[in-house]
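Colleague: Have a look at this one before I ask anything.
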């Protein structure tokens, strides 16, 4: 079915009918703006991402349902990285002339399922045709009680550096896709349907446990670099402490890939050494590994320490235009 | 200067350095999310637009500074149409490999000048390369005191239909561009740098004067149609009352174009007939024509009335995929 048979407003209606409005909505989809209340004494958190066909994704490497899921998850992950609760989703879709209603439905099914998973309501957006490939713009708004949100700038010498889940899985899948090799499904899911660690982010913020936090999108070394730069300090990381999944090791994943590979969407955070004992209880409660991998030091720069002494690794991460 | 010499993070830094943070910002550009307080007892208004090269704009018809201005103004206009105060801007930019730092600077100069004009602070966004032309995603957040925002659903039979400014100027300029004809500068500005009627929208909302409101993006007939549909009523409009500018008439603009042409970004609103007397004082105070052009009726549908009796005009507006 061609999109032209539905029209722009038909498409918007179609998306609206599948949407459960937020309990915080005053006006939802269909007016000039979405209109929401925020919970009392909460601050607004906002993040936006552009995802472009041929740049961020290839249609022959991912199906549209997973693309919908990932488009939402990577933005929800930014809310998680501040310790917030994700609330409202805005979806901008530029669709090529060849796009069908079935394709848009598949994308929407993924996006809306992922939104529901995180308690986020589709509240607005924009649809238009695209002269080239799919163009996806996502904005997610969330909120956090005033004073609770965690930035990148609060790491202090002596703090412990900690990471959730495992590293490098997503980059390994991407590497194999680039070589036209397929991967086992559980590992592939780490690339196509990454997690957003909302419960962890909230717990760390609520407990005042994290001094700085970021989600791993550019890669462990690059994202830790963002924290170090904004906190004005350095870090020493023990490479043999980095959490690597059994599947990653079995498929030949290397420590180098775990350090530089992007799109894990795990949370990287720092916490006072005196409170390190609280990690294991939190990990157990969330059923999610939380692994201390190093410490914050006063001297600037990131030192990656191998078991047999110091060595430097390339610290590159993904950099558009780079 | 090639963008690659600056890199993604260099580009973000460059934009950040030209930005004055909002007084409501807790954290601005450079963290996982922007973090803001809203004024006490205000509700959040959010709008998003996608603007794609070759679909919404042509580089040979508009320069990048005007493109930056318009990208911001059309979103601010959506906040105005709810009666809100625009506050925070998020800019997603997909840039072709050929884009230069000078081009991005020109776009940013326009976008940031327009943001400043409306008191909006750049607070975040995303930059990446694009495999084809320029991709622009804009999100603007605003706010309005609880209960003040004006939707499209409040028009009632007996209400007066009113429009600000003049109609059709933007569409006339577009028509001439499509014929490779140039226009005089003041009229051309109506297309390339349309207004966002923020002061008018705020005044109408604050006074509780507008029962329904929308900004004119799809065209007078189509946008009035949105109000009628969501308010569950109809309207009669006197064609000879439509405000046409002297420049529009002199350049041969027709009533048909004024009724169907898009992108005027004036405000179309309804108000109780008993309060029509308040319009002239408001128009004087804002130095902006406010013209009653018809009335809301119970019978569904839009009747366009010529001086010599009834006639129907095509009610089309711009419809992507249509």
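Residue numbers (this note's numbering), protein chains in the order written: chain A, 6 to 327; chain B, 6 to 327.
Built from N, CA and C at the ideal position, the CB exists for glycine as well.
For clarity, every value in this text was computed on a predicted model and none was experimentally measured.
Where does the unbroken alpha helix (DSSP H) through residue 84 (chain A) begin, and where does it stop?
Modeller: That run of the alpha helix (DSSP H) goes 69-85.
Colleague: Cβ atoms of residue 262 (chain A) and residue 124 (chain A): under 9 Å apart, would you say?
Modeller: Cβ atoms of residue 124 (chain A) and residue 262 (chain A): not closer than 9 Å.
Colleague: With distance defined between alpha-carbon atoms, name the residue in B:294, B:300 and B:275 nearest to residue 86 (chain B).
Modeller: For residue 86 (chain B), the nearest C-alpha among the options comes from B:275.
Colleague: Going along chain A in order, which residues have a C-beta closer than 9 Å to the C-beta of residue 95 (chain B)?
Modeller: Neighbours of residue 95 (chain B) on chain A, chain order: 51, 52, 53 and 144.
Colleague: Below 8 Å on the Cβ atoms is my guess for residue 142 (chain B) versus residue 97 (chain A); work out the distance and round it to an integer in Å.
Modeller: 5 Å between Cβ atoms; contact.
Colleague: Is the CB-CB distance between residue 331 (chain B) and residue 191 (chain B) below 9 Å?
Modeller: Given a span of 6 to 327 for chain B in the structure shown, any question on residue 331 (chain B) remains unanswerable.
Colleague: Return the residue from the list B:55, B:110, B:238 and B:48 that minimises the CA-CA distance to residue 351 (chain B).
Modeller: Chain B is shown from 6 up to 327; residue 351 (chain B) falls before or after that span and cannot be answered.
Colleague: Can you have a look at residue 14 (chain B) and say buried or exposed, based on whether 16 or more other CB atoms are within 10 angstroms of its CB?
Modeller: Flag for residue 14 (chain B) reads buried.
Colleague: For residue 83 (chain B), decide whether its Cβ has a neighbour in chain A, counting only Cβ atoms nearer than 9 Å.
Modeller: Chain A contact via Cβ: present.
Colleague: If you run the structure through DSSP and keep just helix, strand and coil, what is residue 8 (chain A)?
Modeller: Looking at residue 8 (chain A) - three-state DSSP - the assignment turns out to be helix.
Colleague: Would you verify that the beta carbon of residue 246 (chain A) is, or is not, closer than 9 Å to some beta carbon of chain B?
Modeller: Residue 246 (chain A) does not count as touching chain B.
Colleague: Report, in whole angstroms, the separation of the C-beta atoms of residue 239 (chain B) and residue 305 (chain B), which I expect to be a contact under 8 Å.
Modeller: So it is a contact: roughly 5 Å between Cβ atoms.
Colleague: Can you tell me whether residue 80 (chain A) is buried or exposed? The criterion is at least 16 other CB atoms within 10 Å of its CB, across all chains shown.
Modeller: Flag for residue 80 (chain A) reads buried.
Colleague: List the DSSP bridge partners of residue 217 (chain A).
Modeller: Its beta-bridge partners are A:275.
Colleague: Report all residues from its chain with a CB closer than 7 Å to the CB of residue 76 (chain B); omit the five preceding and five following residues, and keep chain order.
Modeller: Same-chain partners within the cutoff: 56, 116, 141 and 143.
Colleague: What is the rounded straight-line gap between the Cα of residue 264 (chain B) and the Cα of residue 245 (chain B)?
Modeller: Distance between the alpha carbons of residue 264 (chain B) and residue 245 (chain B) is about 11 Å.
Colleague: For residue 319 (chain B), which of helix, strand or coil comes out of DSSP?
Modeller: Confidence is the limiting factor: at residue 319 (chain B) the pLDDT is only 48, short of 50, which leaves the residue's position unreliable, though a coordinate-based value still follows. In the structure shown, residue 319 (chain B) sits in coil (DSSP, three-state: anything other than H, G, I, E or B).
Colleague: Our contact map puts residue 307 (chain A) next to residue 295 (chain A) with C-beta atoms below 8 Å; I'd like the distance itself, whole angstroms only.
Modeller: With 8 Å as the limit, residue 307 (chain A) and residue 295 (chain A) do not qualify as a contact, their Cβ atoms being about 20 Å apart.
Colleague: Is it buried or exposed, residue 25 (chain A), if we count other Cβ atoms within 10 angstroms and call 16 or more buried?
Modeller: It counts as exposed.
Colleague: Can you find a C-beta in chain A that's less than 9 Å from the C-beta of residue 40 (chain B)?
Modeller: Judged by the 9 Å Cβ criterion, residue 40 (chain B) is in contact with chain A.
Colleague: Examine the Cβ distances between the stretch 44-52 of chain A and the stretch 229-238 of chain A and report whether three or more of them are shorter than 8 Å.
Modeller: Segments in contact, no.
Colleague: Tell whether a beta-carbon distance below 9 Å holds between residue 242 (chain B) and residue 293 (chain B).
Modeller: Their beta carbons are not under 9 Å apart, which means residue 242 (chain B) does not touch residue 293 (chain B) by this criterion.
Colleague: With a CB to CB cut of under 6 Å and the five nearest residues on each side skipped, what residues in its chain are close to residue 17 (chain B)?
Modeller: Once the five neighbours on either side are set aside, residue 17 (chain B) has no close Cβ partner at all.
Colleague: Residue 167 (chain B) CB to nearest chain A CB: under 9 Å?
Modeller: It does not: the Cβ of residue 167 (chain B) has no partner Cβ on chain A nearer than 9 Å.
Colleague: Specify the secondary structure class of residue 331 (chain B) as computed by DSSP and reduced to three states.
Modeller: Beyond the ends of chain B as shown, which are 6 and 327, falls residue 331 (chain B); an answer cannot be given.
Colleague: Against residue 125 (chain B), what residues of chain A qualify as contacts under a CB-to-CB distance less than 7 Å, listed in chain order?
Modeller: What residue 125 (chain B) touches in chain A: nothing, since even the nearest Cβ is about 13 Å away.
Colleague: Say whether chain B places a C-beta atom closer than 9 Å to the C-beta of residue 319 (chain A).
Modeller: Here residue 319 (chain A) scores only 48 on pLDDT, less than 50, and its place in the model should not be relied on; the value that follows carries that caveat. No, because no Cβ of chain B sits closer than 9 Å to the Cβ of residue 319 (chain A).
Colleague: When you compare the CB of residue 213 (chain A) with every CB in chain B, is at least one pair closer than 9 Å?
Modeller: No, residue 213 (chain A) does not count as interfacial toward chain B.
Colleague: Would you list the residues sitting across from residue 297 (chain A) in a DSSP beta bridge?
Modeller: Residue 297 (chain A) is bridged to A:167.
Colleague: Can you name the residues of chain A whose CB is closer than 8 Å to the CB of residue 20 (chain B)?
Modeller: Per Cβ cutoff of 8 Å: no residues; residue 20 (chain B) is ~13 Å from chain A at best.
Colleague: Determine the closest residue to residue 92 (chain A) out of A:34, A:184, A:10 and A:148, with distance taken between C-alpha atoms.
Modeller: Ranking the options by Cα distance to residue 92 (chain A), first place goes to A:148.
Colleague: Give the straight-line distance between the Cα atoms of residue 301 (chain B) and residue 215 (chain B), rounded to the nearest whole angstrom.
Modeller: Their Cα atoms are separated by approximately 13 Å.
Colleague: Does the beta-carbon of residue 237 (chain A), which I'm using as the reference point, lie nearer than 8 Å to any heavy atom of the ligand MN?
Modeller: Of ligands this structure carries none, so the ligand MN is not represented either.
Colleague: Pair every Cβ in the stretch 159-169 of chain B with every Cβ in the stretch 156-167 of chain A, then say whether three or more of these pairs are closer than 8 Å.
Modeller: Flag = no, the stretch 159-169 of chain B and the stretch 156-167 of chain A do not touch.
Colleague: Locate the beta strand (DSSP E) running through residue 31 (chain A), then write down its first and last residues.
Modeller: Residue 31 (chain A) -> beta strand (DSSP E) spans 30-32.
Colleague: Note down, in chain order, each residue of its chain lying with its Cβ closer than 8 Å to the Cβ of residue 10 (chain A), except the 5 sequence neighbours on either side.
Modeller: The answer, listed in chain order, is 106.
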